[in-house]
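Report on one structure; see the data block that follows.
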Amino acid sequence: MKSDSKVKREFEGDLERKVKLVNKTLKEILSRKDLISKELREPVRYALTGPGKRIRPAIVLWCCEMVSGKINRDAQIAAAAIEMIHTYSLIHDDLPAMDDDDYRRGRLTCHKKFDEATAILTGDALLTLAFEVLAKEIKSPVMAARLVGELAEAAGPAGMVAGQMADLNYEKKDADEKMLRYIHTNKTAKMFRCAAVIGGMCGGANEKQLKRLREYGLKVGLGFQIADDILDVCGTSKQLGKTSGKDARQGKQTYPAVVGLEKSRELAGKLAYEAVAALKPFGEKAEALRQLAESLLNRTR
Ligand code: GRG
831 MKSDSKVKRE FEGDLERKVK LVNKTLKEIL SRKDLISKEL REPVRYALTG
881 PGKRIRPAIV LWCCEMVSGK INRDAQIAAA AIEMIHTYSL IHDDLPAMDD
931 DDYRRGRLTC HKKFDEATAI LTGDALLTLA FEVLAKEIKS PVMAARLVGE
981 LAEAAGPAGM VAGQMADLNY EKKDADEKML RYIHTNKTAK MFRCAAVIGG
1031 MCGGANEKQL KRLREYGLKV GLGFQIADDI LDVCGTSKQL GKTSGKDARQ
1081 GKQTYPAVVG LEKSRELAGK LAYEAVAALK PFGEKAEALR QLAESLLNRT
1131 R
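Following this note's numbering, the residues of the sequence shown are numbered contiguously, the last one being 1131.
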């Protein structure tokens, strides 16, 4: 039997390989002159090549690999597309009209590096480009339409945008645990669920498998956001690459603020446990996704 530290090392090595593959695909897309006009190339490159953790695209690749035994081109494109949408959401979230932050991923935010109008347009460009690459680069039109539908549902007005709207509406206003769960599920967890599902779809998952992946993704995503709330209280700006302690200063509704730190940790643990349980039918092939769920509990950035 492998020791815990060996399993952890293998997982970290695997994640590093996935991150490299995501970065390679993004670089390839960035180099396409037909896709991005000259004026936008620099800010789009700045935003996309920042040192993000690439967790969502890594989930896409892992789910495809788990289901089919390999990573195919469709999964690489889908992984790049979800990272583009995630990056757009960070750029817009950092704007003065939203969370108003100067640092992201350890560097100046897009509107600080360039200007506000450029940051808005860079976000718009990434959001649109994600759907363009899915429409044009996914092999089969039916698969492209399925992936576009999943991604639009997760990122759109009944997903991430809805979560962000509720998040802003509840600033400095008391939310109960149910509302907080609604905000976090929409703002964060649905994009994780989408990552797992589109990865599975690219690998040819059947409905039963997709149901499991949906459950895994949603639980991991909610756990990830609770861990993010905890980190905002307990982490440093250097660790996070963005301003720490900001949620409380802005009167944000977070798990530590609403249920306390101890219950937040308990809840994150429970979600990781349930996420891992959802992977049971995949057996040993799910090892990396299991490790990922557990690693989120101890994350420091
Ligand atoms: C602007 C429509 C719109 C939505 C914004 C993503 C988001 C919604 C807001 C960012 C602030 C925040 C705390 C969101 C929750 C999701 C989250 C934890 C984002 C950060 O994701 P990481 O840690 O970031 O994966 P990296 O930089 O590693 O990619």
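The C-beta atom is built at its ideal place from N, Cα and C for all residues, glycine as well.
Which whole-angstrom value is the C-beta distance of residue i and residue j, which I expect to be below 8 Å?
i	j	result
Cys893	Gly1051	That belief does not hold up - the Cβ atoms of Cys893 and Gly1051 are roughly 13 Å apart, past 8 Å.
Val1063	Glu1007	Contact flag wrong, Cβ pair sits at about 17 Å.
Pro881	Gly936	6 Å
Gln1055	Val897	Between Val897 and Gln1055 the Cβ distance is about 25 Å, and since that is not below 8 Å, they are no contact.
Asp904	Met973	6 Å
Ile859	Val978	Ile859 to Val978, Cβ: 16 Å. No contact.
Ala1108	Lys1072	Contact flag wrong, Cβ pair sits at about 30 Å.
Ile1010	Gln1083	A small correction: the amino acid at residue 1010 is Leu; Ile does not occupy that position in the sequence shown. Sure, about 5 Å apart at Cβ, within 8 Å.
Which residues in the same chain as residue i place their Cβ atom closer than 8 Å to its Cβ, once the five residues preceding and following it in sequence are excluded?
i	result
Met928	His922, Gln994, Leu998
Lys863	none
Thr855	Gln906, Ile907, Ala909, Ala910
Arg875	Leu860
Ala965	Ala974, Val978
Ala949	Pro873, Ile921, His922, Asp924, Leu925, Thr939, Cys940, His941
Phe841	Glu1117, Ala1118, Gln1121, Leu1122, Ser1125
Ala947	none
Asp930	Asp924
Where does residue i sit, in a helix, a strand or coil, going by DSSP?
i	result
Leu938	strand
Tyr1012	helix
Tyr1000	coil
Leaving out five residues before and five after residue i in sequence, what residues of the same chain have Cβ atoms less than 7 Å from its Cβ?
i	result
Leu1043	Cys893, Ala1026, Val1027, Gly1030, Ala1035
Gly989	Glu983, Asn1016, Lys1020
Tyr1012	Ala996
Ala1102	Gly1053, Ala1123, Glu1124, Leu1126, Leu1127
Arg886	Ile912, Glu913, His916, Met1021, Phe1022, Ala1025
Arg976	Met1031
Lys943	Tyr876
Sort the options by Cα distance to residue i and report the nearest one.
i	options	result
Arg884	Thr1015, Phe1022, Asp931, Ala1087	Phe1022
Arg934	Gln1080, Ala975, Lys1076	Lys1076
Leu845	Gln1083, Ala1118, Phe961, Lys1100	Ala1118
Arg1131	Ser1067, Lys900, Glu840	Ser1067
Ala1005	Ala1098, Met831, Pro1086	Pro1086
Asp1058	Leu1097, Ser970, Phe841	Leu1097
Val852	Phe841, Met831, Ile901	Ile901
Tyr1000	Gly1099, Gln1080, Asp932	Gln1080
Ile1060	Ser1094, Phe1112, Ser970	Ser1094
Lys1115	Met831, Ala877, Ala1078, Glu895	Glu895
Glu1045	Pro1111, Met831, Gly1065	Pro1111
Ile804	Ala947, Lys832, Cys1032, Asp931	Residue 804 lies beyond the stretch modelled for the chain, which goes from 831 to 1131, so this question has no answer here.
Val991	Pro971, His1014, Lys1002, Glu1104	His1014
Thr1018	Gly986, Lys850, Leu878	Gly986
Beta-carbon within less than 6 Å of residue i's beta-carbon, same chain only, minus the 5 sequence neighbours each way: which residues are those?
i	result
Tyr918	Gly953, Leu956, Leu957
Lys848	Ala888, Leu891
Val1106	Arg1120, Ala1123
Ala960	Ala911, Met914, Ile915
- prompt: For the stretch 832–842 against the stretch 868–879, are there 3 or more C-beta pairs whose distance is under 8 Å?
  reply: no
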